[in-house]
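In the working numbering, the protein residues as written are 220 to 565. Glycine included, every Cβ here is placed at the ideal spot set by N, Cα and C. Below: one structure, written as structure tokens.
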Ligand code: SF4
């Protein structure tokens, strides 16, 4: 059985990042506005003291551009994290950074440590979107960084955003396809949130940017998740981590912020897959559909407030839809039995 996994987050807010992407307020996202290196050890020890034996732990330097911080601080933090890896207390180290902060010198440093993954903030491969967001790097730099990491044998996770200024659904599908093509070992999908005191906040107030509604974010994220699922690239997270700031009016201004965003997106993907199977091979009106889904996923497949079940019943004029769980069935696979008719599988 797969071990439970815990990332021990050590937030490095905005350190090393001279940029000001229009959507970024790292203090709001991480809940940390300054960083004292000596607190990293306390943070790690504190989390390790609470995890159950047998849990796979990684130390995760998140929140800023880790490979852009002062070299002495960066290697000091890596040395600290490596001491836990050497003692067998964590399985590895992961970090988030910008694509333009990956170069041969950084790779030589990283190769000395047990790096589980470098998470690259790619956000989009559209030059128009990157420039509208003032990212300060090109799509070519993202491609180069992913390629350099792959060639150095360091797993790369592609982080991308949904609903950025200037971004259309097709840009987001293309971004997901490119992340897969470049050999990512995982992805994260972040629908855009408008935080106060950011350029995006100003753009929103002035009517130059319109945040996605929750439904739009769910639909566009599901389309992107479908790409990753089809390519076998695991999705590590959808939406920002829960933190006080996401619920505080002092930081959060607008955008698709929901505590179960990941579940909503997964539910939407189940709905899309069920519809695709039924569109290919429509059921006769008035039938009873039985849909098998992987064990543990039934609430997502049925949808919040039985949304998917009701939508399917109406759309295909069937008498009822019953969901049942199936063991040893890969996530997002479905099997449909149409009241004695043939079975459709995905
Ligand atoms: S690169 Fe990352 S940390 Fe820097 S401003 Fe942009 S989002 Fe924020």
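Item to check | Best match in 317, 284, 279 and 316 for proximity to residue 299 [C-alpha to C-alpha] | outcome: Answer by Cα proximity: 279.
Checklist entry - Going by the CB atoms, is the gap between residue 398 and residue 440 shorter than 7 angstroms? => result Contact: no.
Checklist entry - Looking at residue 243 and residue 353, is the spacing between their C-beta atoms short of 7 angstroms? => result Judged by beta-carbon spacing, residue 243 lies beyond the 7 angstroms limit of residue 353, meaning their Cβ atoms are not closer than that value.
Checklist entry - Which residues in the same chain have their Cβ closer than 6 angstroms to the Cβ of residue 266, if we skip the five residues on either side of it in sequence? => result Only residues of its own chain outside the window of five on either side were considered, and among them 227 have a CB closer than 6 angstroms to the CB of residue 266, listed in chain order.
Item to check | Alpha carbon of residue 250 to alpha carbon of residue 517, nearest angstrom | outcome: Confidence at residue 250 is low in this model, with a pLDDT of 48, below 50, so its placement is unreliable and no value can be given for it.
Item to check | Start and end residues, beta strand (DSSP E) containing residue 398 | outcome: From DSSP, residue 398 is part of no beta strand (DSSP E) but of the alpha helix (DSSP H) over 388 to 400.
Checklist entry - Using a Cβ-Cβ cut-off of 6 angstroms (strictly less than) and excluding sequence neighbours within five positions of residue 476, which residues of its own chain qualify? => result Same-chain partners within the cutoff: 412 and 465.
Item to check | residue 498 - DSSP class collapsed to helix/strand/coil | outcome: Note: residue 498 maps to helix in three-state DSSP.
Next on the checklist: According to DSSP, simplified to helix, strand and coil, what is residue 333?
Outcome noted: Coil at residue 333, not helix or strand.
Checklist entry - By a C-beta neighbour count over all protein chains shown, 10 Å radius and 16 as the cutoff for buried, is residue 501 buried or exposed? => result Flag for residue 501 reads exposed.
Checklist entry - Among 264, 229 and 237, which one has its Cα closest to the Cα of residue 255? => result Cα-wise, what sits closest to residue 255 is 229.
Checklist entry - Where does the unbroken beta strand (DSSP E) through residue 380 begin, and where does it stop? => result Element bounds for residue 380: 375 to 381.
Item to check | Residues that residue 314 bridges to, as DSSP identifies them | outcome: Residue 314 pairs with 280 and 337.
Checklist entry - For ligand 1, is there a heavy atom less than 6 angstroms away from the beta-carbon of residue 293? => result Checking the Cβ of residue 293 against ligand 1 gives no.
Checklist entry - Using 8 angstroms as the threshold, is the segment 345 to 362 in touch with the segment 301 to 311, meaning 3 or more CB pairs across them? => result The segment 345 to 362 and the segment 301 to 311 do not touch, with fewer than 3 CB-CB distances between them shorter than 8 angstroms.
Item to check | Opposing strand residues paired with residue 478 [DSSP bridges] | outcome: DSSP output for residue 478 lists no bridge partner at all.
Next on the checklist: Only counting the same chain, and skipping five residues up and downstream in sequence, which positions put a Cβ closer than 7 angstroms to that of residue 459?
Outcome noted: Once the five neighbours on either side are set aside, the close Cβ partners of residue 459 are 248, 409, 412 and 465.
Checklist entry - Do you know offhand how far residue 415's Cα is from residue 421's? => result Between the alpha carbons of residue 415 and residue 421 lies a distance of about 8 angstroms.
Checklist entry - Is any heavy atom in ligand 1 found nearer than 6 angstroms to the beta carbon of residue 313? => result Answer for residue 313: no, Cβ out of range of ligand 1.
Checklist entry - Shortest alpha-carbon distance to residue 492 belongs to which of 520, 508, 468 and 478? => result Residue 520 is the option with its Cα nearest to residue 492.
Checklist entry - Who are residue 473's beta bridge partners in DSSP? => result Within the DSSP secondary-structure output, residue 473 pairs in a beta bridge with 413.
Checklist entry - If we call anything under 7 angstroms between Cβ atoms a contact, is residue 326 one with residue 382? => result No, Cβ-Cβ distance for residue 326 and residue 382 is not below 7 angstroms.
Checklist entry - To the nearest angstrom, how far is it from the Cα of residue 184 to the Cα of residue 395? => result With the chain covering 220 to 565 only, the question about residue 184 has no answer from this structure.
Checklist entry - Helix, strand or coil for residue 542 per DSSP? => result Annotated three-state conformation of residue 542 is strand, per DSSP.
Item to check | C-alpha gap between residue 360 and residue 392, whole angstroms | outcome: Rounded to the nearest whole angstrom, the CA to CA distance from residue 360 to residue 392 is 19 angstroms.
Next on the checklist: Please report the distance separating the alpha-carbon of residue 400 from that of residue 281.
Outcome noted: Rounded to whole angstroms, residue 400 to residue 281 spans 25 angstroms at the Cα level.
Next on the checklist: So for residue 406, helix, strand or coil by DSSP?
Outcome noted: Reduced to three states, the DSSP call for residue 406 is strand.
Next on the checklist: Given 6 angstroms as the limit, tell me if residue 283 has its C-beta closer than that to any heavy atom belonging to ligand 1.
Outcome noted: With a threshold of 6 angstroms, the Cβ atom of residue 283 counts as near ligand 1, since some heavy atom of the ligand is closer than that.
Item to check | Paired residues, beta bridge with residue 454 - DSSP | outcome: DSSP lists 406 as the bridge partner or partners of residue 454.
Checklist entry - For residue 453 versus residue 405, is the C-beta spacing smaller than 7 angstroms? => result In terms of Cβ geometry, residue 453 and residue 405 form a close pair [threshold 7 angstroms].
Checklist entry - So what's residue 547 in DSSP terms, helix, strand or just coil? => result Judged by DSSP in its simplified three-state form, residue 547 adopts coil rather than helix or strand.
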